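Numbering (our numbering), first residue to last: 4 to 488. All C-beta atoms, glycine included, are put in the ideal place defined by N, C-alpha and C. Only a predicted model underlies this, so the values are computations on that prediction, with no experimental measurement involved.
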Amino acid sequence: MSIKSYDVVIIGAGIAGAMTAFQIAKYTTKLAVVEAGVDAASGSTRANSAIVHAGYDAKEGTLKAKLNVKGCSMMEEITTQLGVHYKKCGSLVVAFDEKDLEQLEILKKRGEENGVQGLEIIDKARLFEMEPNISTKAKYALYAPSAGIVCPYDLAYAACENAAVNGTDFYFEFKVDEIDYDGKYYTLFAGDKEAIRAKYVINCAGLYADEIANMVGDPLPFEIIPRRGEYMLLDKCEASTASHTVFVTPSDKGKGILVSPTVDGNIIVGPNANIIEAKNDTSVTMEGLEEISEGARLLMPEINLDAVITTFAGVRSTPTSGDFYICESERFKKFIHVAGIESPGLASSPAIGEYVLELLKKCGLKLKKREDYIPTRTKEGNIKPFYAMNEEERKEAIVKDHRYAKIVCRCEMITEGDIVYAVNRPIPARTIDAVKRRTRAGMGRCQGGYCRTRVAEIMARELGINVSEITKFSSNSHILLGKTK
Ligand SMILES: Cc1cc2nc3c(=O)[nH]c(=O)nc-3n(C[C@H](O)[C@H](O)[C@H](O)COP(=O)(O)OP(=O)(O)OC[C@H]3O[C@@H](n4cnc5c(N)ncnc54)[C@H](O)[C@@H]3O)c2cc1C
Numbered sequence: 004m005s006i007k008s009y010d011v012v013i014i015g016a017g018i019a020g021a022m023t024a025f026q027i028a029k030y031t032t033k034l035a036v037v038e039a040g041v042d043a044a045s046g047s048t049r050a051n052s053a054i055v056h057a058g059y060d061a062k063e064g065t066l067k068a069k070l071n072v073k074g075c076s077m078m079e080e081i082t083t084q085l086g087v088h089y090k091k092c093g094s095l096v097v098a099f100d101e102k103d104l105e106q107l108e109i110l111k112k113r114g115e116e117n118g119v120q121g122l123e124i125i126d127k128a129r130l131f132e133m134e135p136n137i138s139t140k141a142k143y144a145l146y147a148p149s150a151g152i153v154c155p156y157d158l159a160y161a162a163c164e165n166a167a168v169n170g171t172d173f174y175f176e177f178k179v180d181e182i183d184y185d186g187k188y189y190t191l192f193a194g195d196k197e198a199i200r201a202k203y204v205i206n207c208a209g210l211y212a213d214e215i216a217n218m219v220g221d222p223l224p225f226e227i228i229p230r231r232g233e234y235m236l237l238d239k240c241e242a243s244t245a246s247h248t249v250f251v252t253p254s255d256k257g258k259g260i261l262v263s264p265t266v267d268g269n270i271i272v273g274p275n276a277n278i279i280e281a282k283n284d285t286s287v288t289m290e291g292l293e294e295i296s297e298g299a300r301l302l303m304p305e306i307n308l309d310a311v312i313t314t315f316a317g318v319r320s321t322p323t324s325g326d327f328y329i330c331e332s333e334r335f336k337k338f339i340h341v342a343g344i345e346s347p348g349l350a351s352s353p354a355i356g357e358y359v360l361e362l363l364k365k366c367g368l369k370l371k372k373r374e375d376y377i378p379t380r381t382k383e384g385n386i387k388p389f390y391a392m393n394e395e396e397r398k399e400a401i402v403k404d405h406r407y408a409k410i411v412c413r414c415e416m417i418t419e420g421d422i423v424y425a426v427n428r429p430i431p432a433r434t435i436d437a438v439k440r441r442t443r444a445g446m447g448r449c450q451g452g453y454c455r456t457r458v459a460e461i462m463a464r465e466l467g468i469n470v471s472e473i474t475k476f477s478s479n480s481h482i483l484l485g486k487t488k
């Protein structure tokens, strides 16, 4: 059998790879995305604060600053195009004393130099009007009206789905472990999977971008340090806690603990920032939860942390250089690194995709616009979940497919129709967690206690397999091992 050949292969379907695929898929370029995980957004993109930062944190003149401000300004249009829930809620950095105020002034000046619009330092009275639950010890805040919130994995899924409907091939569980170059093609190997090859390769492997670089014998000029951030997610009944993303004044350790609404109506609290040994260590610790609880209470002493419904952690790929590294390899032509994409990688991602496209052009890739380009997630447009439909849309959905009348997840009002669609989408869900992230079934107060087995049954029926073959998050995380009776 002849080896599959592409013009471009992207390694990694996190938000950087997804947004790059979204941009390239506007053209007739033969494109593939290979991903080690069973699904898109398997790395840092899956678990982070979900903030579309305005762009005052990154040092003036850095690539990070430039792409953050640009990405933030592009977010509204892209999320509208792809039917992704995004909210420009604005952010507040809170100062408790005059020393913090000096820091706010530095951030404001930096933000203005970076091109952030509308930054203001507000006084206590205005701060309390905007966030009544803030500590009475707070004195000032830096208000950034252009900051927002978005669901990171939904944005990555949407970008991948759009690329898929525009002809991009996706290979999951394809963990690149060797790369050969014959002067024309890069051949990518992944265990016993059939190899694929491409003229251009884009390394969007997140925490593992250094390992990919080493495979082509072109080590990155910095180290990638894994830094874990732990979180608590509060029940929707606490939604009135905050309506903006509220940060403490940043320190050497980073942006610090925040309290923020999520686009789905919960409150997110976290993250801390601790260097860890293993890049895949997403465990949540007692000390970590204490650290973030303390940070949250500093901002909002009355916050109801008893309303926590789940905890989780994500790992940042922090570059020792302090900046994003997006460039063609010096040693190997047509091999592009997109590495060191720590925060604000999510906020910057629309601009990262555009930047890589320009880089590909400079590296010689000829682009021809796709005449049959589909701008949405499917040929039929962006399909709304049942909970987001209005009464008319709900009636219509039920008439077309009676499975929209059966509620499976009571906490989040997810129907059987939503789950069936998740399994049949352009990038289909193949695990319980993949269904959960696409639909929100299992994301509510009971965290799947009620619906998980029902979801597994629907998946098994749709996929034509036995329910014992359904897994939670990977190909070997089975939830049913056999009959007890
Ligand atoms: C705690 C935390 C909080 C954050 N908060 C924010 C925030 O509020 N706002 C913001 O803008 N940013 C935030 N970030 C940063 C943001 O999450 C990242 O910048 C972004 O997700 C990086 O995307 P990526 O595509 O580069 O990497 P990833 O999402 O890690 O994607 C890389 C992908 O490559 C795949 N891969 C790895 N090795 C291989 C291989 N050998 N073969 C094939 N595939 C491979 C992985 O499975 C993974 O899916 C935060 C990050 C963390 C961890």
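Inset, instruction - Using the DSSP secondary-structure output, state which residues sit across from residue 435 in a beta bridge. - result: DSSP lists no beta-bridge partner residue for residue 435.
Inset, instruction - Compute the Euclidean distance between the alpha carbons of residue 190 and residue 179, then round it to the nearest angstrom. - result: Cα to Cα, residue 190 sits roughly 10 Å from residue 179.
Inset, instruction - Starting from the N-terminal side, write out each stretch of the alpha helix (DSSP H) that is 4 residues or longer and does not extend beyond the stretch 103-172. - result: If we require 4 residues or more, the alpha helix (DSSP H) runs fully inside the stretch 103-172 come out as 127-133, 155-168.
Inset, instruction - Using the Cα positions of residue 58 and residue 380, report the straight-line distance between them to the nearest angstrom. - result: Linking residue 58 to residue 380 through their CA atoms gives a straight-line distance of about 28 Å.
Inset, instruction - Output the boundary residues of the alpha helix (DSSP H) element that contains residue 71. - result: First-last of the alpha helix (DSSP H) with residue 71: 66-85.
Inset, instruction - With distances taken Cα to Cα, identify the nearest neighbour of residue 372 among 30, 46, 303, 329. - result: Of the listed residues, the one whose Cα sits closest to residue 372 is 30.
Legend entry - CB contact flag (residue 162, residue 39, <7 Å): For residue 162 and residue 39, no; Cβs fall outside 7 Å.
Legend entry - DSSP-derived helix/strand/coil call for residue 200: Residue 200 sits in a strand when the DSSP states are folded into three classes.
Legend entry - Runs of alpha helix (DSSP H) lying entirely within the stretch 363-425, each at least 4 residues, in chain order: At a cut-off of 4 residues, the continuous stretches assigned as alpha helix (DSSP H) that sit fully inside the stretch 363-425 are 394-403.
Inset, instruction - Between the Cα of residue 432 and those of 23, 34, 42, 18, spot the shortest distance and give me the residue it belongs to. - result: Taking the Cα of residue 432 as reference, the smallest distance to any Cα among 23, 34, 42, 18 is reached at 42.
Inset, instruction - Go ahead and label residue 352 buried or exposed: buried means 16 or more other beta carbons lie within 10 angstroms of its beta carbon, across all protein chains shown. - result: That one is buried.
Inset, instruction - Locate the alpha helix (DSSP H) running through residue 215, then write down its first and last residues. - result: Element bounds for residue 215: 212-218.
Legend entry - Start and end residues, beta strand (DSSP E) containing residue 35: 34-37 is the span of the beta strand (DSSP E), which, as asked, contains residue 35.
Legend entry - Local conformation of residue 20 per DSSP, three classes: If DSSP states are grouped into helix, strand and coil, residue 20 belongs with the helices.
Inset, instruction - Report the rounded CA-to-CA distance for residue 244 versus residue 230, giving the unit in angstroms. - result: One alpha carbon belongs to residue 244, the other to residue 230, and they sit about 28 Å apart.
Legend entry - Nearest to residue 478 (by Cα), restricted to the options 312, 435, 430: Among 312, 435, 430, the Cα nearest to that of residue 478 belongs to 435.
Legend entry - Pick from 488, 325, 457 that is closest to residue 64, judged by C-alpha positions: Considering only 488, 325, 457, the residue with the shortest C-alpha distance to residue 64 is 325.
Legend entry - Start-to-end residues for the alpha helix (DSSP H) that takes in residue 462: It spans 455-466 - the alpha helix (DSSP H) in which residue 462 sits, taken as one unbroken run.
Inset, instruction - Say whether the stretch 259-267 touches the stretch 325-334, bearing in mind that this needs 3 or more beta-carbon pairs closer than 8 Å, one atom from each stretch. - result: Pairwise C-beta distances place the stretch 259-267 out of contact with the stretch 325-334, as fewer than three of them are shorter than 8 Å.
Legend entry - Local conformation of residue 288 per DSSP, three classes: Three-state DSSP puts residue 288 in coil, outside helix and strand.
Inset, instruction - Return the Cβ separation of residue 134 and residue 107 in integer angstroms, given the expectation that the two are a contact with Cβ distance under 8 Å. - result: 15 Å between Cβ atoms; not a contact.
Legend entry - Euclidean distance between Cα positions of residue 175 and residue 37: For residue 175 and residue 37, the distance between alpha carbons rounds to 6 Å.
Legend entry - Check: residue 489 C-beta below 6 Å from any heavy atom of ligand 1: Any answer about residue 489 is impossible in this case: the structure gives the chain only from 4 up to 488.
Legend entry - Residue from 195, 137, 358, 388 whose Cα sits closest to the Cα of residue 300: Check the Cα spacing between residue 300 and each of 195, 137, 358, 388: the tightest is with 137.
Inset, instruction - Give the secondary structure of residue 62 by DSSP, where H, G and I count as helix, E and B as strand, and everything else as coil. - result: Correct three-state label for residue 62: coil.
Inset, instruction - Pull up the distance between the alpha-carbon of residue 199 and that of residue 14, whole angstroms please. - result: Roughly 12 Å separates the two Cα atoms.
Inset, instruction - Please list, in chain order, all residues of the same chain as residue 296 whose beta carbon is under 6 Å from its beta carbon, the five residues on each side excluded. - result: If we look at residue 296 and ignore the five residues flanking it on each side, its Cβ neighbours are 308.
Inset, instruction - Would you grab the beta carbon distance between residue 219 and residue 184 for me? Rounded to a whole angstrom, and I think it's under 8 Å. - result: Their Cβ separation, rounded to whole angstroms, is 7 Å, which keeps residue 219 and residue 184 in contact under 8 Å.
Inset, instruction - State yes or no: is the C-beta of residue 360 nearer than 6 Å to some heavy atom of ligand 1? - result: Residue 360 has its CB no nearer than 6 Å to any heavy atom of ligand 1.
Legend entry - DSSP-derived helix/strand/coil call for residue 270: Here residue 270 sits in strand by DSSP.
Legend entry - Secondary structure of residue 99, DSSP reduced to three states: Judged by DSSP in its simplified three-state form, residue 99 adopts coil rather than helix or strand.
Inset, instruction - Please classify residue 279: does DSSP put it in a helix, a strand, or coil? - result: Note: residue 279 maps to coil in three-state DSSP.
Inset, instruction - Would you grab the beta carbon distance between residue 203 and residue 363 for me? Rounded to a whole angstrom, and I think it's under 8 Å. - result: Contact holds; Cβ gap of about 6 Å.
Inset, instruction - Name, in chain order, the residues that DSSP records as bridge partners for residue 264. - result: Beta-bridge annotation (DSSP): residue 264 is paired with 270.
Legend entry - Where residue 358 sits in the DSSP three-state scheme: Residue 358: helix per DSSP, three-state reduction.
Legend entry - Best match in 101, 225, 249 for proximity to residue 148 [C-alpha to C-alpha]: It is 249 whose Cα lies nearest to the Cα of residue 148.
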